[in-house]
Every structure is written in C-alpha cells, then in structure tokens.
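Notes to accompany the following structure.
Number of protein chains: 2
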Amino acid sequence: MAAVDLATHPGHLARRLQQAHYLLWNTMVSEETTSPQYAVLNALVAEPGLDQRTVGERVGLDRSTIAEVVSRLGRRGLLDKVRDPQDGRRSLLRLTDEGLRVHRRLGVRIARMNQVFLAPLAADEQAVFFDLIRRVADAAEGLRNPAEPTAAAG
Amino acid sequence: MAAVDLATHPGHLARRLQQAHYLLWNTMVSEETTSPQYAVLNALVAEPGLDQRTVGERVGLDRSTIAEVVSRLGRRGLLDKVRDPQDGRRSLLRLTDEGLRVHRRLGVRIARMNQVFLAPLAADEQAVFFDLIRRVADAAEGLRNPAEPTAAAG
DNA sequence: CGTGTATCGTCAGTGCACCGATGAAAGTCA
DNA sequence: TGACTTTCATCGGTGCACTGACGATACACG
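Protein sequence lines, in the order shown, are assigned to chains S and R.
One point on numbering: in UniProt numbering, the residue at position 102 of the first sequence is 102, and numbering is uninterrupted.
One point on numbering: in UniProt numbering, the residue at position 139 of the second sequence is 139, and numbering is uninterrupted.
Below is the structure:
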C-alpha cells in the first residue's frame, strides 16, 4: 500500500489538461484542423516562407513531427512546400489562399473556446495560470537546449 | 498579418508543458516505463483487482488507450489480466511482484524529477499551479460527462 | 422466457510526439 | 580539390490519445 495521489504529480495534471483541451478543441473549434496544425498555420502567417525546421522550433515540434504535420497540411492544400534554391537541404513553406482562409476562420472559434476553457478561473488567476505554466515549460525546455553561450554566461 | 501570440493560448501551453514533462521523465525516471503506465501501476497498487475500464477512468484514459497500455504492461509481465467470473465482460487487473517492484523503484525517481520540474516555482506558487490546472482540467472534463444527477441537481 | 438496451473490451483508422539511423546537401579545413 | 563535420529532411519504430464500429456479455422489461 504505497500508492501516491496522482493529483500531486504535475506530469499527470499536464496530461489531463492537454486531453481536456483536445476534447474542447474537437467540439468547439474544428474536427479537421488540430491545434498543432493551427500553430503551424499561425507561424506561417507571421513569417511566410519560413523553412520547415524553424517552423517546428517556433511551435515546439521536433523534426519528425513537423514533417508529418506539414505533410497533412500540404495534402489538404493549405500550404506549399518548395526546396530552397539557396540551400538544397531546406524546405520553404508558404500558406495557400485556402490556408490563410482556414487560419482566419478558426481564429474566432479559438477565442470562444479559450473563454470556455478558462472560465473556471478569475481574470487575475488566468494571468497567473499563464505565467506559471510558461515558466515551468520554459525551464524544462532549457534543460534540454544546454543554453546558448550569451555574453554573461558562466 | 493576423497572426496571434501562441503564448496566450492555454492549449498550446498545455502541450508544451506536457512535452517538457515527457522529456524530463525520459531522462530522469525511466525509458521503459512511461508516465501513463506508471499511473496504471499506481492505480492497481491502491486498488488491486480493479477492472480495466475503471482503471482507465481513475487515470484518465479512454477504453482504447487503457487497453493498449495494459497490453504493454502485461507483455512485460508487470500485471495479470483475468476475466471476471461474475461478469464476463470485465477484465480484472492485478500487479505481479515485478509490477509492484517497478512501481516502488520509480517512486523515488519521480519525486526527484518533480522537484526539478517544479524548481522554477516557489513553494506557494507550486500550490497555486496545482490548484489552477486541476480546476481547469476538472471543469473541461465535466463538460464531457454531463454531470451525474446528484440529490441537489437542477 | 425472449427481446431490447446498456456495458465492456477489441479493432481499425487518424494524429501527435519522441528516438535513432540514413542520405543529401552545405560548410570547413588542410 | 578532397576528406571531415554539420545540418536538414526522411524513414522506421514505439507509445499515447481519440473516434466509430463491432461482438460478446449482462441486465431490464414485458
């Protein structure tokens, strides 16, 4: 009898939070376009013509995963993918008109969903919620990327 | 140019948080046993002989997923699975000695990992972190399960 | 008793997410 | 110029997570 309470395990809570979001997205936003797919569309709205690897970095997807997501978006005609003539290793990505349209259409629905998702928290609590999660996620990612040697690094 | 800041999207943060945890788990806890698998082991330590569906409910996994997780744990000899003689639809689960051993061994490593994971937050912030995430996740799950009609439901 | 309904587990299909290996392209340096 | 190293994309493998459909079992009602 040495069972622990999973509610005190941040990893378990993180997984449940993500599942909850997945369900809400599926019902309130879209059944075709997933949240990671939207993140890719959004990155390409901000910076058209970005290369695939950098897009992955922007949205937090590794090389294998971004390749699959891009492949699906391409199959649906939401983006175009061309080899960089300057650097034959890179794939440059650009949204199609349809891709732009999908991105714009989802924006409204996502805003509505976020309201529902965060409804249990008061406004000031929502700010704390964002801050705490971001700090934990950033720190954990920092453990992976051994810290770029900036000027004042020891 | 109508790109949004993904840092204001709770779903995106939830995904990044979970990925960060996944990486930390992989390096600090175990490469064989995943966090959901541990959750199942833990549920069976608390309540041996539970049926498969209820275990899934306890740890937040749907029927399909719990079936796969249980299958992997069974293949590794960490639990036994028998048909309920009272109800032929149910599968009853029970940890083996090896399953108990794995659960006990991981406990220490998980505690260490949680410390590292939550290190960026002060003690009182950690409490808030748990509270906010749990409230959001619970509420979103509640939207799915239409609320059991308790005595004072309207 | 028999028919209809609900529940449990499984299976097929889709999608995210990681690792490690591989091959192509680019850059470095002797 | 030729060999070494790095970087990017892809591929194969594993695992989590959901949906929808299916068969078997159990239950409830007439």
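Each residue gets a CB set at the ideal place from its N, CA and C atoms; glycine is no exception.
- Within the model, the alpha-carbon separation for residue 42 (chain R) versus residue 141 (chain R) is close to 21 Å.
- Judged by beta-carbon spacing, residue 132 (chain S) lies beyond the 8 Å limit of residue 33 (chain S), meaning their Cβ atoms are not closer than that value.
- For residue 80 (chain R), the closest of R:65, R:51, R:61 and R:88 by C-alpha to C-alpha distance is R:51.
- Counting C-beta atoms within 10 angstroms of its own C-beta, residue 35 (chain S) has 16 or more neighbours from the protein chains shown and is therefore classed as buried.
- Chain S places no beta carbon closer than 8 Å to that of residue 98 (chain R), leaving this residue out of the contacts.
- Not flagged as an interface residue toward chain R: residue 83 (chain S), since no C-beta distance is shorter than 8 Å.
- Given a length threshold of 3 residues, each whole run of the beta strand (DSSP E) inside the UniProt domain "HTH marR-type" (1-138) of chain S is given here in chain order: 79-83 and 91-95.
- In terms of beta-carbon proximity, residue 2 (chain S) lines the interface with chain R, with at least one pair separated by less than 8 Å.
- Within the region 57-68 of chain R, those residues whose Cβ lies closer than 8 Å to any Cβ of chain S are, in chain order, 59 and 60.
- Contact between residue 117 (chain S) and residue 136 (chain R) holds, since their C-beta atoms are separated by about 7 Å, short of 8 Å.
- When the five nearest sequence neighbours on each side are left out, no beta carbon in the same chain lies closer than 8 Å to the beta carbon of residue 57 (chain S).
- Cβ atoms of residue 121 (chain R) and residue 99 (chain R) stay farther apart than 8 Å, at about 33 Å.
- Not a single C-beta of chain S is nearer than 8 Å to the C-beta of residue 49 (chain R).
- Taking a Cβ-Cβ threshold of 9 Å, the residues of chain S close to residue 144 (chain R) are 20, 23, 24 and 27, in chain order.
- Comparing alpha-carbon positions, the option among R:22, R:119, R:139 and R:72 lying closest to residue 114 (chain S) turns out to be R:139.
- At a C-beta separation below 7 Å, residue 137 (chain R) has these neighbours in chain S: 13, 16, 17 and 20.
- Residues of chain R whose Cβ lies closer than 9 Å to the Cβ of residue 32 (chain S) do not exist, since the nearest Cβ in that chain is about 16 Å away.
- What residue 132 (chain S) touches in chain R, judged by beta-carbon distance under 8 Å, is 121, 125, 128, 129 and 132, going in chain order.
- Rounded to the nearest whole angstrom, the CA to CA distance from residue 129 (chain R) to residue 86 (chain S) is 47 Å.
- The beta carbon of residue 102 (chain R) sits no closer than 8 Å to any beta carbon of chain S.
- Counting the other Cβ atoms within 10 Å of the Cβ of residue 15 (chain S) gives 16 or more, which makes it buried.
- From the listed residues S:83, S:84, S:48 and S:37, the smallest Cα separation to residue 61 (chain S) is found for S:37.
- Excluding five sequence positions before and after residue 109 (chain R), the CB atoms of its chain that fall closer than 8 Å to its own CB belong to 28, 29 and 30, given in chain order.
- What residue 118 (chain S) touches in chain R, judged by beta-carbon distance under 8 Å, is 10 and 136, going in chain order.
- Taking a beta-carbon distance threshold of 8 Å, residue 70 (chain R) does not count as an interface residue toward chain S.
- As the crow flies, the alpha-carbon of residue 89 (chain S) is around 46 Å from that of residue 143 (chain R).
- Taking C-alpha positions only, residue 21 (chain R) is separated from residue 12 (chain S) by approximately 9 Å.
- The beta carbon of residue 40 (chain S) sits no closer than 8 Å to any beta carbon of chain R.
- By the Cβ neighbour-count rule, residue 82 (chain S) is exposed, with fewer than 16 other Cβ atoms within 10 Å of its own.
- Within a 10 Å sphere around the beta-carbon of residue 39 (chain R) sit 16 or more other beta-carbons, which makes this residue buried.
- One finds nothing in chain R with a Cβ atom closer than 8 Å to the Cβ of residue 108 (chain S); even the nearest lies about 11 Å away.
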